[in-house]
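Student:
Numbering (the UniProt record's numbering), first residue to last: 1 to 303.
(1) Please return the same chain residues whose Cβ sits closer than 6 Å to the Cβ of residue 164, not counting the five positions on each side in sequence.
(2) How many angstroms separate the CA atom of residue 108 from the CA atom of residue 148?
(3) Can you list the alpha helix (DSSP H) stretches of 4 or more residues lying completely in the region 114-167, in chain order?
(4) Taking the beta carbon of residue 201 as the centre, do at least 16 other beta carbons fall within 10 Å, making it buried, or is it exposed?
(5) Per the DSSP calculation, residue 97 is bridged to which residue(s)?
(6) Give a yes or no on contact between the region 82-95 and the region 211-226, applying the rule of three or more CB pairs nearer than 8 Å.
(7) Just to confirm, is the Cβ distance from residue 17 to residue 60 under 8 Å?
(8) Would you grab the beta carbon distance between residue 19 and residue 67 for me? Rounded to a whole angstrom, and I think it's under 8 Å.
(9) Tell whether a beta-carbon distance below 8 Å holds between residue 83 and residue 137.
(10) Shortest alpha-carbon distance to residue 188 belongs to which of 58, 75, 111 and 47?
(11) If I measure Cβ to Cβ from residue 133 and keep anything under 8 Å in the same chain, skipping five residues before and after, which residues do I get?
(12) When DSSP builds the beta bridges, which residues end up paired with residue 102?
(13) Could you check which residue in 221, 168 and 207 has the C-alpha nearest to that of residue 184?
(14) Once DSSP output is grouped into helix, strand and coil, what is the label at residue 75?
(15) Looking only at C-alpha atoms, which of 15, 168 and 53 sits nearest to residue 216?
(16) Residues in its own chain within less than 8 Å of residue 182 by CB, not counting five upstream and five downstream?
(17) On the criterion of 16 or more Cβ atoms from any shown chain inside 10 Å, does residue 9 qualify as buried, or is it exposed?
(18) In angstroms, rounded to a whole number, what distance separates the CA positions of residue 213 and residue 190?
(19) Drop a sphere of 10 angstroms on the beta-carbon of residue 112, count the other beta-carbons inside from all chains shown, and report buried for 16 or more, exposed for fewer.
(20) So does residue 119 have its beta carbon nearer than 7 Å to some heavy atom of the ligand MG?
(21) Could you tell me the alpha carbon to alpha carbon distance between residue 12 and residue 219, rounded to whole angstroms?
(22) If contacts are defined as beta-carbon pairs under 8 Å, then residue 31 and residue 46 qualify, I think. What distance do you get, rounded to the angstrom?
(23) Excluding the 5 residues preceding and the 5 following residue 119 in the sequence, name in chain order all residues of the same chain whose CB lies nearer than 8 Å to its CB.
(24) With a threshold of 8 Å between beta-carbons, can residue 68 be considered close to chain C, or not?
(25) Let me know the secondary structure DSSP gives residue 91 once reduced to three states.
(26) How many angstroms separate the CA atom of residue 178 from the CA atom of residue 125?
(27) Between residue 44 and residue 123, what straight-line distance do the alpha-carbon atoms span, to the nearest angstrom?
(28) Got a sec? Which residues, its chain only, sit under 8 Å from residue 22 by beta carbon, not counting five neighbours each side?
(29) For residue 195, tell me which candidate among 210, 166 and 204 has the shortest Cα-Cα distance.
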């Protein structure tokens with residue numbers, strides 16, 4: 001039996017339109033376990049979800065994402081952080097809203113720049129005051145970009161608006177709330193941000209789990225494709241049944257728990273069902289056997 005220890009690093013290519021250049025998301029085994037367990041997650045997990053959205057939707061037309069690692073407070077030179085923001089804005093057009101998931105050092109929040117309105121919206125699940133550090137970085141970087149392009153009508157200092165968005169109810173939820181905010185914004189691009197979030201005080205766990213399930217389905221494509229784990233190969237060996245050879249492979253999460261160890265597999269009505277288990281947590285997954293090559297697996301049967 002194989003397990004998640006076989007997973008070294010998952011590499012997920014990002015759409016070049018997200019940051020304006022080709023980049024990759026790298027996820028370690030711990031990232032998967034942390035995400036599945038809904039505990040503390042890092043920047044790469046959030047980028048994986050952004051990559052998932054850009055993969056499924058035509059987000060690039062309306063949105064551009066700023067790489068927060070280039071403007072992070074870990075960079076001690078504040079002028080460099082502002083210049084990095086200005087440089088990233090060179091790939092933006094005025095029709096796009098600019099999304100900035102930002103970590104203050106202990107808390108994630110989302111900033112959205114509307115270039116037409118010269119306004120910065122702040123979505124903070126703690127509903128705190130505007131963070132003065134990132135406030136200064138964005139103001140300087142945005143005004144420098146505007147001056148460089150001689151945008152006279154936008155020369156005034158950007159307006160800042162705190163959005164009354166859903167509040168987190170625990171100590172780790174903000175990482176998942178930021179992803180939910182982004183999900184809502186890109187799926188409702190024609191709705192004003194203030195109108196979009198003023199109807200709900202908090203998200204139900206089921207709403208957060210929808211994001212986590214979507215993330216898991218997307219990441220698992222690369223878990224197999226990267227060839228770093230042998231879980232599927234362990235679960236299914238031998239020639240693929242002839243009646244299934246013309247079917248398609250896609251991954252459907254039947255219920256959410258945790259991606260870990262393949263315990264057993266069975267076929268019922270053309271669906272390969274694989275149960276994975278670690279400790280008392282499990283995830284039931286179904287593979288409709290089509291386009292097997294997309295998972296890098298050529299032979300199937302039930303062990």
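Yeah, the Cβ is synthetic: ideal placement off N, Cα and C, and Gly gets one too.
Tutor: According to the data block:
(1) Only 198 meet the Cβ criterion.
(2) In this structure, the straight-line span from the alpha carbon of residue 108 to that of residue 148 is close to 30 Å.
(3) Whole alpha helix (DSSP H) segments, 4+ residues: 132-148.
(4) With fewer than 16 other Cβ atoms within 10 Å, it is exposed.
(5) DSSP output for residue 97 lists 63 and 114 as bridge partner(s).
(6) Contact between the region 82-95 and the region 211-226 is absent, because fewer than three Cβ pairs lie under 8 Å.
(7) It is a contact, given that the beta carbons lie within the stated cut-off.
(8) Under the criterion of beta carbons closer than 8 Å, residue 19 and residue 67 qualify as touching, at roughly 5 Å.
(9) No, the pair does not count as a contact, with Cβ atoms beyond the cut-off.
(10) Ranked by Cα distance from residue 188, the first of 58, 75, 111 and 47 is 58.
(11) The answer, listed in chain order, is 73 and 104.
(12) Residue pairing of residue 102 in beta bridges, as defined by DSSP: 109.
(13) Per the Cα distances, 207.
(14) Correct three-state label for residue 75: coil.
(15) Of the residues 15, 168 and 53, the one whose Cα lies closest to the Cα of residue 216 is 53.
(16) Result list for residue 182: 49, 50, 53, 99, 101 and 110, in chain order.
(17) It is exposed - the Cβ of residue 9 has fewer than 16 other Cβ atoms within 10 Å.
(18) The alpha-carbon atoms of residue 213 and residue 190 are separated by roughly 26 Å.
(19) Around the CB of residue 112, 16 or more other CB atoms lie within 10 Å, so the residue is classed as buried.
(20) For the structure depicted, the ligand MG is absent and the ligand set is empty, with no information on it obtainable.
(21) Distance between the alpha carbons of residue 12 and residue 219 is about 8 Å.
(22) Wrong, their Cβ atoms sit about 11 Å apart, outside the cutoff.
(23) Excluding sequence neighbours, residue 119 sits near 113, 158, 159, 160 and 161.
(24) Absent here is chain C; the protein component of the structure consists of one chain.
(25) Three-state result, residue 91: coil.
(26) Taking the straight line from one Cα to the other gives about 8 Å.
(27) The alpha-carbon atoms of residue 44 and residue 123 are separated by roughly 20 Å.
(28) Short of 8 Å from the beta carbon of residue 22, and not among the five residues preceding or following it, lie these beta carbons of its own chain, in chain order: 13, 14 and 16.
(29) Check the Cα spacing between residue 195 and each of 210, 166 and 204: the tightest is with 166.
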